[in-house]
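So the sequence lines, in the order shown, correspond to chains A and B. The first sequence begins at 1303 in the working numbering and counts up one residue at a time. The second sequence begins at 75 in the working numbering and counts up one residue at a time. Note that beta-carbon positions come from the ideal geometry of N, C-alpha and C, so glycine has one too. This report concerns only the one structure given below.
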Amino acid sequence: MNKLDPLGTFQWPELFQKYFPNQEPEHISNWPKKLVEEYHQKAIEFTLKHAYNNNTYYQEQFKNHNVTPEDFTNLDDLEKFPFLQKDALRGNPWLLLSVPKKEISHIHMSTGTTSQSIGDHIYQLHTWEEFYTISKYIKPNTSANIDPGDIVIIALPYEMSSAGISLHRVHENSTNSIVVNTGKGGFYSDPLKTIIIMKDLKADVILTTPSYAMYLSEIAEENGINIIKDIGLKKMWITGEGCSNSYRDRLQNIWNCKVFRNYGSLECGPLGVECDEQNGFHIYESFIHMEVINPQTGDILPPGNIGELVVTSLNRVGAPLIRYRVQDKVFIETAPCPCGRKTARLFLRGRIQDQLAVAGQSFSPFQAEDLLYKIPEMGNSHQFIFTKSGLTLRIELKCGIENTPELRDKIKCQMEYILGEIHKIEVVDKIPRTGGKTVRIIREEN
Amino acid sequence: MIIDAHAHITEAEYGSVDLLVKSYDKSGIDKGIVVPGGMVDVREMSLYITGEKKASQEIPNHVVFDALKKYPDRLKGFVCINPLEGDKALETFQAGISAGCVGVKLNPMSHTFAFSGNMLDTIADECGQRHMPIYSHTLFNPGASTTKYAEFAKKHLNTNFIIGHMGFGALDTHALNFAAKQKNLFLETSSACFLNLVEALKKTGANKIIFGTEFPMSTSAIELFKIDELPISESDRNKILFENISSLVPSLSS
């Protein structure tokens, strides 16, 4: 029985009936490239027509760019269509509404990562049908998969943001796992309570952010709970913040399980998940079409080039995204993954606004973080602080490591290898844990 | 006289000191300066660049120390130091001196450090006092770039610095310009492309160019051929092939 549609009355969208006739996760990751392209062309064709006919914003934008849905005859034609900018969505909850309002079943709101003041928040509207199809097709078909009966802890914010409630819904419906929500309004639940729940229920999987996974391990240790013996997770999904390989390696060592990164955003929903190779996100090509552009010129870049991610939704009618500029720096690898799946893989290089600019050069925060957490004396938290004097790297040291000028000099020398110039290494006992989204980059230049 | 200013030797057969000396005999090279190799297996170099393989953090300086004992008349050695090792780096430096090493080799790619910090300053000062040159590759990484290496050299004017392979990439314009400007910066020729040598001659003259082989990645004969091809006088050829390195390492003349 399907938990979301117990009576079997769900009206499966026509396009999905054609390409996914069994209404089962018939994985696009095994399709020939030609079939994926054909499906994407049909789905984009449908989306362009639907948006043009039902949304005045898209209608105006298309007119301003002298295009109509009829100008789209193959995938290359998509570049004729205008970009959707994040700023257009700020404070405009209904801008993309493309169905009668009563057909919307859920509205998500941004967590505030890029929204700072009243009136600049971003909302995303979803119909029930969209959720249903996304839930069916989110199953990653990788070892990151979650099995029926697995006890899944969702330690992500539930209020507003899409992260907690979306993944909750997906796993409740699609993977038939047993979902335990330990997130709450915009924040996470009390961490000790979460650890106790995980211990009592012998949790199999946790879905959380990298920093919160680390925080939970610290709380467990402080309270005498051995997370390997007392909990024994099978796997972990991390999302929300992005993290370097070396930080992930630490999590894997601490929790003694494989940690898979999951990539998505409020506006786009789920975008990709790692497989056992842990080498790039397998893109959810069943409901997302991706382009990578030069952020300065808007020109499309061939696969393998680093640029800004642009997303077009394939199954959304409530508030479709057409060429939405995600503001994340990525590249796409089309070479086959050693795991055998044929889907393209996406590699994330961080938010464009979070790139570290030092001495006139720009660096991915993950690249710097990767080297930082390879330093054996390094603790479990850090911040990059940009001041008028330059970059200060605020760090914690591992328990029992003495803070000496020699050690600071050594860390500075090692991190300057990547960053070129660091003004100061500042060692603190503890960088406060927020219980919310962790901020690693602080700008105090003004 | 021909002196090879830069060869790696390894415990593995493909880079053994005996193989090196054989190649010297074949090509008429009289002496050489050896540094420890094998922290990366250069036969699979690209895997280290892509991150699929990790460089060993153990520095096999003992291979150099043993070679100096085995071929005292043919070889001099540079001791390799990782400045991130703190006091151990100074101990390694002292061990190198005790074993007869005449210079310091830095390896920012394997050890991931920038040309900055108190430890490197201490080592550079010590080298200056003992007339020991410092040899290093330069990289694309901001902290280990040719520019940073030149800044490091500028801070230590009493110490001589050699830019391995004439700098980063196929033709490193910064390396040539800095070597032309800074008295204590020299260019070592191994693995450098021919045009790089021609351009270096124009910018720095023969006084700043030092012959090396990068054994076992290249061979003595191949690297010597590049020098033979240069349209230069016998006097300039001698500077490149042995005089310049002998001025930096006086014991090579004895």
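- In this chain, the alpha helix (DSSP H) harbouring B:PRO182 covers 182-185.
- Considering only beta carbons, no part of the segment 269-283 of chain B lies closer than 9 Å to chain A.
- Around the beta carbon of A:ASN1555, fewer than 16 other beta carbons sit within 10 angstroms, so the residue counts as exposed.
- Around the beta-carbon of B:TYR88, fewer than 16 other beta-carbon atoms lie within 10 Å, marking it exposed.
- Looking at A:PRO1459, A:TYR1460, A:CYS1641, A:ILE1453, the one whose alpha-carbon comes closest to that of A:GLU1474 is A:ILE1453.
- Interface criterion not met: the Cβ of B:ALA198 is under 8 Å from no Cβ in chain A.
- Per DSSP, A:GLY1574 lies in no alpha helix (DSSP H); the unbroken beta strand (DSSP E) holding it starts and ends at 1571-1576.
- Against A:GLY1722, the close residues of chain B are ALA188, ASN215, PRO216, GLY217, SER219, LYS222, in the order they occur along the chain (beta-carbon pairs closer than 9 Å).
- Here the alpha carbons of A:GLY1571 and A:ILE1467 stand approximately 11 Å from one another.
- Per the coordinates, the alpha-carbon of B:THR124 lies some 20 Å from the alpha-carbon of A:HIS1584.
- Chain-order list of chain B residues neighbouring A:GLU1718: ALA188, SER190, GLY217, by C-beta distance under 7 Å.
- DSSP, read as helix, strand or coil, puts A:SER1400 in coil.
- A straight-line Cα-Cα distance of about 45 Å links A:GLN1319 and A:GLU1671.
- In the structure shown, A:TRP1430 adopts helical secondary structure according to DSSP, grouped into three states.
- Taking 8 Å as the upper bound for CB-CB distance, A:TYR1549 and A:PRO1512 are in contact here, some 6 Å apart.
- Residues SER1548 of the same chain have their beta carbon placed closer than 6 Å to that of A:LYS1676, with the five preceding and five following residues left out of the count.
- A:LEU1648 is a Cβ neighbour of A:GLY1574, given a cutoff of 8 Å.
- B:LEU158 reaches chain A at LYS1712, CYS1715, GLN1716, counting residues in chain order whose Cβ is nearer than 8 Å.
- By the beta-carbon neighbour count (other beta carbons within 10 angstroms, threshold 16), A:GLN1387 is exposed.
- Judged by DSSP in its simplified three-state form, A:GLN1361 adopts helix.
- Annotation: Cβ neighbours of A:GLN1663 in chain B (cutoff 9 Å, chain order): PRO216.
- According to DSSP, B:ALA163 shares a beta bridge with no other residue.
- Around B:MET193, the beta-carbon contacts reaching into chain A at under 9 Å are GLU1708, ASP1711, LYS1712, CYS1715.
- The Cβ neighbour count for A:HIS1423, taken over all protein chains shown within 10 Å, is at least 16; the residue is labelled buried.
- Comparing alpha-carbon positions, the option among B:LEU213, B:THR293, B:ALA227, B:HIS82 lying closest to B:VAL109 turns out to be B:HIS82.
- Sorting A:LEU1399, A:GLY1681, A:GLU1372 by C-alpha distance to the C-alpha of A:ASP1731 places A:GLY1681 at the top.
- The three-state reading of DSSP puts A:TRP1557 in helix, counting H, G and I together.
- Burial state of A:GLU1524 is exposed, judged by a 10 Å Cβ sphere holding fewer than 16 other Cβ atoms.
- The beta carbon of B:PRO207 sits no closer than 8 Å to any beta carbon of chain A.
- Counting every other CB atom within 10 Å of its CB across the protein chains shown gives A:ASP1601 a total below 16, marking it as exposed.
- B:ARG311 has its alpha-carbon roughly 7 Å from the corresponding atom of B:ILE301.
- A direct Cα-Cα distance of roughly 19 Å separates B:PHE289 from B:VAL176.
- Shown here, B:GLN168 sits in a helix according to DSSP, grouped into three states.
- Chain B places a beta carbon closer than 8 Å to that of A:LEU1673, counting this residue as a contact.
- Taking 8 Å as the cut-off, the beta carbon of B:ALA198 is found closer than this to the beta carbon of B:HIS230.
- Within its own chain, the residues whose Cβ lies closer than 8 Å to the Cβ of B:LYS282, once the five positions on either side in sequence are excluded, are ALA253, ALA254, LEU259, PHE260, LEU261, ALA274, ASN318, listed in chain order.
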